[in-house]
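Report on the structure given below.
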Amino acid sequence: MTVAKRKSPDRDECPDEQLKAHRQNPDLTRACAWVAGFFLLVTVLPLAAADPPLTGPATEKRFPPLQVPPGFKATLFACDPLIEYPSVIALGPRVGSVFLAHDYVTGLGFDIVRRDEVRLLEDRDGDGYADRSTVYAGGFNSVQGLAFHGGTVFVMHSPLLTALRDRDGDGVADERRDLLTGLGLPPEQNLQRLHGANGVVLGHDGWLYLALGDHGCDVPRPEGDRLVLQGGGILRCRPDGRDLHIFATGLRNIYDVALDEDSTCSSATTKTTAATTRTGCITVSSGPTMAIRICITNGRPKRLLP
Ligand SMILES: [Ca+2]
Ligand SMILES: [Ca+2]
481 MTVAKRKSPD RDECPDEQLK AHRQNPDLTR ACAWVAGFFL LVTVLPLAAA DPPLTGPATE
541 KRFPPLQVPP GFKATLFACD PLIEYPSVIA LGPRVGSVFL AHDYVTGLGF DIVRRDEVRL
601 LEDRDGDGYA DRSTVYAGGF NSVQGLAFHG GTVFVMHSPL LTALRDRDGD GVADERRDLL
661 TGLGLPPEQN LQRLHGANGV VLGHDGWLYL ALGDHGCDVP RPEGDRLVLQ GGGILRCRPD
721 GRDLHIFATG LRNIYDVALD EDSTCSSATT KTTAATTRTG CITVSSGPTM AIRICITNGR
781 PKRLLP
């Protein structure tokens, strides 16, 4: 049984015709080849330029490596153009996702030319590098505190504490409520945009802990009265803004707050004298023996005194 080979027009016919044409007019053939090559380059180069990932092993070479303790590894999860002017981050709704604030209000100078955004940053293919950045919500003052818990994103942006939710799961907030106002000063009255409302964290006890710089607060409480604090401190309220009260004072100008397993708050502060400005840590213990322990060093916490 013989099988007839299928004749390929590309391999058998075209070369003969091309050879014939080349013999008749070699200059024209060479010109056509150059034109074809040029269009091939024009077609391929933009595709190649658009393909490289926005963040990945290659982009890490743009930044000096971090020095980390033995057993740790630091990688660059995201950089520009995925993110710009990042001020705070919080864990996101899925593995490999974080919420992040773009602080244009502080990052672009004294004039407010653009309001802040909360973005959802995602590593969708699981390679350890972010590959998508989308606007979750916009129109904020200088965002300096962010927390995600139970489907709600809490945003601290003086003078507001705002709660966001994405009810339909499309990655964009569709519900927004200002829970509190009067935390620090609005950006129009505070050109440096510091010393106001900053860190927010949801405690293991169900309370929201709010860090406040030394601009203090004057908050109309949902219950109908006001909470006034002169100076910095840590406030506490329910996740819907009710029951706001002062958790700790005497902390001067703190920035951010963190909790350990015993709901002991830690924060950072500065102490300025005529000669120096020093930064250190504060711990605030709650409960029946509530105590404030302050230890200010040159950036290195010492053993805290009772
Ligand atoms: Ca990725
Ligand atoms: Ca939505």
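Position 187 of the sequence shown, counting from 1, maps to 667 under the working numbering, and the rest follow consecutively.
All C-beta atoms, glycine included, are put in the ideal place defined by N, C-alpha and C.
Not one heavy atom of ligand 1 sits closer than 7 Å to the Cβ of Arg599. For the pair Val615 and Arg599, the CB atoms are nearer than the 8 Å cut-off. By the Cβ-count criterion, Val708 is exposed, with fewer than 16 other Cβ atoms from all chains shown falling within 10 Å of its own Cβ. Excluding its 5 nearest sequence neighbours in each direction, Asn678 has C-beta neighbours in its own chain below 7 Å: Gln624, Gly625, Met636, Ala691, Gly693, Tyr735 and Asp736, listed in chain order.
Restricted to the region 603-676, not a single alpha helix (DSSP H) segment is unbroken, complete and at least 4 residues in length. Just measuring C-alpha positions, the residue of Arg716, Leu588 and Gly721 sitting nearest Asp658 is Gly721.
Assignment of beta-bridge partners to Glu597 by DSSP yields His582 and Gly618.
Placement of the Cβ of Val635 at a distance of 7 Å or more from every heavy atom of ligand 2 is found. Per DSSP, Ala554 is not a residue of any beta strand (DSSP E), being assigned neither H nor E. When only Cα atoms are considered, Glu703 and Gly664 end up about 20 Å apart. Between ligand 1 and Arg604, a heavy atom-to-CB distance of less than 7 Å is present. Annotation: the continuous alpha helix (DSSP H) that includes Pro537 extends over Pro537 to Glu540.
Taking the CA atoms as reference points, Phe620 sits about 14 Å from Glu655. In this structure, Leu546 lies near Ala554, with their beta-carbon atoms less than 8 Å apart. Here the C-alpha atom of Leu674 lies approximately 32 Å from the C-alpha atom of Val575. The residue among Thr632, Thr642 and Ala570 with its C-alpha nearest the C-alpha of Glu602 is Ala570. Assigned with DSSP and collapsed to three states, Gly587 falls in helix.
DSSP lists Leu715 as the bridge partner or partners of Ile726. Pro573 is not bridged by DSSP to any residue. Annotation for Arg701 indicates a beta carbon at 7 Å or more from all heavy atoms of ligand 2. Contact annotation: Val680 and Leu641 have beta-carbon atoms nearer than 8 Å. For ligand 2, a non-hydrogen atom lies closer than 7 Å to the CB of Ala653.
In summary, Phe579 is buried, with 16 or more beta-carbon neighbours lying within 10 Å of its beta-carbon over all protein chains present.
Within the same chain, Tyr584, Val585 and Leu588 come within 8 Å of Arg594 by CB-CB distance, once the 5 residues on both sides are set aside. His695 is classed as buried because its beta carbon has at least 16 other beta carbons within 10 Å across all chains shown. Setting aside the 5 residues that flank it on each side, Ala610 is surrounded in the same chain by Thr535, Phe557, Ala558, Leu562, Leu601, Glu602 and Asp603, each with a C-beta closer than 7 Å to its C-beta; the list follows chain order. DSSP places Leu688 inside the beta strand (DSSP E), whose first and last residues are Leu688 to Leu692. Shown here for Leu671: same chain residues with a beta carbon closer than 7 Å to its own, the five before and five after excluded, namely Phe590 in chain order. Across the structure, Ser638 and Pro573 are spaced so that their CA atoms are roughly 25 Å apart. The closest heavy atom of ligand 1 lies less than 7 Å from the beta carbon of Ala610. In chain order, His582, Val615 and Gly618 place their CB closer than 6 Å to the CB of Glu597, counting only its own chain and leaving out the 5 sequence neighbours on each side.
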